[in-house]
Amino acid sequence: MHEKTKEITKIIINAKEKAIKETSHEPEPELTKLVNWPVQCVVGPGLEGAIACETRIGYVNGSKGWLIYRGYNIFDLCAYATFEEVSYLLMYGYLPSSTQLAAFKKKLIEYRTAHQTKRLLMSFPIEKMKPMAALRLGTNLMRQEFTDVDSDKYLSSVARIIAADEDSIPMETAPMGEEHAIYEFKRYQREDIIKEDLKHATGYESCFHLLSGVASLSGAIARLRCGRMPIEHDPELGFAGNLIYTMTGKKPTAIEERIMDVALILHADHGMNASTFAAMVVASTLSDVYLSVGAGIAALQGSLHGGANERVIEMLKEIGSEENVPAWFEKKRSKKEKIMGFGHRVYKSYDPRARVLGPLAKYMTKENKEGKRLYKIARNLEKKVVETLGVQKKIFPNVDFYSGIVYSSMGIKPDLFTPIFAVSRVAGWTSRVQEYLRKNRIFRPRAMYVGPFDKEFIAIGKRGRSKRS
Ligand code: ACO
């Protein structure tokens, strides 16, 4: 495995050794036991510290800087596995045999063709939409194309009675008795691959469909945004290689493909982060996997979460030069503004994902003048932040700090960085949703009411102009 890219494996192993050395003095893990419900915990704003469920999928130790998927540390998975293997691991709980992996890859290849979805996507102004909004739309279209959840047989009886009442049928749904006139183009030319399991949009097949489909959609969106037609996958390339190829139209080198694969592994799962929680909340209502992943995409796009990677590149360009770092940093601090790509709710030590992505960014930019310039600014900024905020508040680079430099060096545009994050995180979202649904209970926390009571109702004509309280 990874014979052609041994130098990348070496970079990852070095990162692992550095991590072990620097965090060996930190305390051993807590919160790794079965929970006796109801659980007592101290909850802060933003649900900080709240325990929402048990999981066997992944573990983040913020003080030791550990990230573990199903018992395996992230450095070993990056060094020795592939994204397909890791997705299988997250979903099923064990690493696949070579036969199991081959079958899994075959399934992902089958599911990546979604012609009708792409065609429908092209009827929207994709070039004017944020890629994450387009991606979310795309998952809804996949749901529409491949599942039966919205078909007649799932409509309530009331809806059917109304539909059967001629007068209430909007004209365009059945103009002059030509039942299919308008929607003829939608008459199901669904792919042969439609499987029984996809129809209900809730099971494992839907998860794999989304894993492959979100990657295909990201490639298509990248192309449509610059006025080009989506391109077909290259059968010679794997999941990561095709992601680069369908986004840029350029065949990646073995090194680029490997580094994208490592980046996908690093982003695949991360505890109860905001987007995972959003996906799980939606699933807990017994909605479906497509809508849950759509919720994850919506949450991920914000700049406090996955959207930070795009903002980091803007920030490095704004700083402009290594010399400008101290002045820029002081200005930000004096205004108490946050610095994108730094800080984390859980990590109070160096994020292990940034430990891998930092050296990979250096490696990828060594022959690239503009990339090297941005990398040097980033390194200087990191030094400045770590020696000040690192010491005072335990703020270190997070996963989003170096990823953009890595993607840029492959010719990927900044507005596609967050979609790449989403492509990978589908593995975590869907695995966690499936795990949670096995013992599902609808998520329903409470808010503390701090408003007034006993207000007298005043009729509208007698009300003055009030201010918002
Ligand atoms: N730059 C400067 N100061 C920071 C930063 C930062 N990036 N992050 C946190 N701080 C400071 C806060 O100002 C606050 O200081 P105070 O106690 O003096 O008021 C303290 O550290 C705690 O910060 P919070 O915002 O309360 O921490 P929280 O856990 O709520 O937020 C978050 C975590 C959102 C990641 C935050 O660190 C941040 O906004 N970072 C920048 C955006 C970013 O990079 N997001 C990507 C995170 S990784 C991911 O989601 C994939």
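Whatever position you read off the sequence shown (first residue = 1), add 13 for this note's numbering. For glycine and all other residues, C-beta sits at the position ideal for the given N, C-alpha and C. Quantities reported herein were computed from a predicted structural model and do not represent experimental measurements.
Beta carbon of Phe117 nearer than 7 Å to that of Tyr101: Sequence index remark: in the sequence shown, residue 117 carries index 104 (1-based). Sequence index remark: in the sequence shown, residue 101 carries index 88 (1-based). Yes. Within cutoff.
Own chain partners of Glu395 with C-beta closer than 6 Å, once the 5 adjacent residues on each side are dropped: In the sequence shown, counting from the first residue as 1, residue 395 sits at position 382. Cβ within range, chain order: Pro410.
Nearest neighbour of Cys66, chosen from Ile408, Tyr420 and Asn286 [CA to CA]: Position 53 of the sequence shown, counted from the start, is the residue given in the question as residue 66. It is Asn286 whose Cα lies nearest to the Cα of Cys66.
Validate contact between the region 422-437 and the region 446-463 using beta carbons, cut 8 Å, 3 pairs: no
Validate contact between the region 224-238 and the region 127-136 using beta carbons, cut 8 Å, 3 pairs: yes
In DSSP terms, what Gly71 is bridged to: Working through the sequence shown from its first residue, we reach residue 71 at position 58. Answer is Tyr82, bridged to Gly71.
Cβ pair Lys212, Asp161 closer than 7 Å: The residue given as residue 212 occupies position 199 in the sequence shown. The residue given as residue 161 occupies position 148 in the sequence shown. Cβ distance < 7 Å, so Lys212 and Asp161 count as in contact.
Beta-carbon contacts of Tyr360 that lie in its chain and below 6 Å, excluding the five residues immediately before and after: The count along the sequence shown starts at 1 and reaches residue 360 at position 347. Result list for Tyr360: Gly75, in chain order.
Heavy atom of the ligand ACO within 6 Å of Val412 beta-carbon: As a working mapping, residue 412 is identified with position 399 in the sequence shown. The answer is yes for Val412.
Contact test: Phe355 Cβ vs the ligand ACO heavy atom, cutoff 6 Å: Position 342 of the sequence shown, counted from the first residue, corresponds to residue 355. It does: the Cβ of Phe355 is within 6 Å (strictly closer) of some heavy atom of the ligand ACO.
Contact under 7 Å by Cβ, Asp413 with Ala296: By 1-based counting over the sequence shown, the position of residue 413 is 400. By 1-based counting over the sequence shown, the position of residue 296 is 283. Not in contact: Asp413 and Ala296 (Cβ atoms no closer than 7 Å).
Secondary structure of Val52, DSSP reduced to three states: Here the question's residue 52 lines up with position 39 in the sequence shown. Val52: coil per DSSP, three-state reduction.
When Asn49, Gly354, Ile272 and Met461 are compared against Val369, the one with the closest alpha-carbon: Residue mapping note: residue 369 aligns to position 356 of the sequence shown, counting from 1. If we check each option's Cα against that of Val369, Ile272 comes out closest.
7 Å Cβ cutoff met for Arg236 and Ile139: Counting from one through the sequence shown, the residue named residue 236 turns up at place 223. Counting from one through the sequence shown, the residue named residue 139 turns up at place 126. Their beta carbons are not under 7 Å apart, which means Arg236 does not touch Ile139 by this criterion.
Residues bridged to His15 (per DSSP): Residue mapping note: residue 15 aligns to position 2 of the sequence shown, counting from 1. In DSSP, His15 forms no bridge with anything.
Helix, strand or coil at Glu191 [DSSP, three-state]: Here residue 191 refers to the residue found at position 178 of the sequence shown. Reliability of the predicted coordinates at Glu191 is poor, the pLDDT of 45 falling under 50, and no value is obtained from them.
Contact test: Ile408 Cβ vs the ligand ACO heavy atom, cutoff 6 Å: Here residue 408 is taken as the residue at index 395 of the sequence shown, counted from 1. Within the cutoff, so yes.
Any non-hydrogen atom of the ligand ACO closer than 6 Å to Lys361 Cβ: Position 348 of the sequence shown, counting from 1, holds the residue named residue 361. False, no ligand heavy atom lies under 6 Å from that Cβ.
Pick from Tyr303, Ile25, Glu16 and Met14 that is closest to Val275, judged by C-alpha positions: Position 262 of the sequence shown holds residue 275. Checking every option, the nearest Cα to that of Val275 belongs to Ile25.
Outcome for Met104 when other beta-carbon atoms lying within 10 angstroms are tallied against a minimum of 16: Counting from 1 along the sequence shown, the entry for residue 104 is found at position 91. The residue in question, Met104, is buried, as its Cβ has 16 or more Cβ neighbours within 10 Å.
Cut-off 7 Å between Cβ atoms - residues of its own chain near Ser36, not counting five sequence neighbours on either side: For the purposes of this step, residue 36 is taken as the residue at position 23 of the sequence shown. In the sequence on display, residue 36 carries Thr and not Ser. Excluding sequence neighbours, Thr36 sits near Lys77, Gly78 and Ser362.
Which listed residue (Glu30, Asp364 and Met155) has its alpha carbon closest to that of Val73: For the purposes of this step, residue 73 is taken as the residue at position 60 of the sequence shown. Residue Asp364 is the option with its Cα nearest to Val73.
Straight-line Cα distance separating Ser219 from Arg200: One-based indexing of the sequence shown puts residue 200 at position 187. One-based indexing of the sequence shown puts residue 219 at position 206. Legend: pLDDT at Arg200 = 45, less than 50; position of this residue unreliable, no value from coordinates given.
Three-way DSSP call (helix, strand, coil) for His318 in this model: Within the sequence shown, the letter at position 305 stands for residue 318. Correct three-state label for His318: coil.
DSSP three-state assignment for Phe355, whether helix, strand or coil: For this step, residue 355 is matched to residue 342 along the sequence shown. DSSP places Phe355 in strand when its eight states are reduced to three.
Gly62 and Arg83 closer than 7 Å at C-beta: Reading the sequence shown from its first residue, position 49 is the one you call residue 62. Reading the sequence shown from its first residue, position 70 is the one you call residue 83. No, the pair does not count as a contact, with Cβ atoms beyond the cut-off.
The region 387-404 in contact with the region 247-256 per 3-pair CB rule at 8 Å: no
The region 336-355 / the region 47-59 touching (three or more Cβ pairs under 8 Å): no
Which of helix, strand or coil DSSP assigns to Met461: Taking the sequence shown and counting its residues from 1, the one referred to as residue 461 is at position 448. Reduced to three states, the DSSP call for Met461 is coil.
Contact under 7 Å by Cβ, Met377 with Val419: Taking the first residue of the sequence shown as position 1, residue 377 is located at position 364. Taking the first residue of the sequence shown as position 1, residue 419 is located at position 406. Yes, these two residues count as a Cβ contact at 7 Å.
Entirely enclosed alpha helix (DSSP H) segments - the region 76-129, minimum 4 residues: 87-93, 96-105 and 111-125
Ile326 beta carbon near the ligand ACO (any heavy atom closer than 6 Å): For the purposes of this step, residue 326 is taken as the residue at position 313 of the sequence shown. For the ligand ACO, not one heavy atom lies less than 6 Å from the Cβ of Ile326.
First and last residue of the uninterrupted alpha helix (DSSP H) at Asp413: As a position in the sequence shown, residue 413 is number 400, starting the count at 1. Segment Val412 to Ser421, the alpha helix (DSSP H) holding Asp413.
Buried or exposed (CB count within 10 angstroms, at least 16 for buried), Ser347: By 1-based counting over the sequence shown, the position of residue 347 is 334. Ser347 is exposed by the Cβ-count criterion.
Range covered by the alpha helix (DSSP H) that runs through Leu223: Position 210 of the sequence shown holds residue 223. Note, Leu223: alpha helix (DSSP H), Tyr217 to Arg238.
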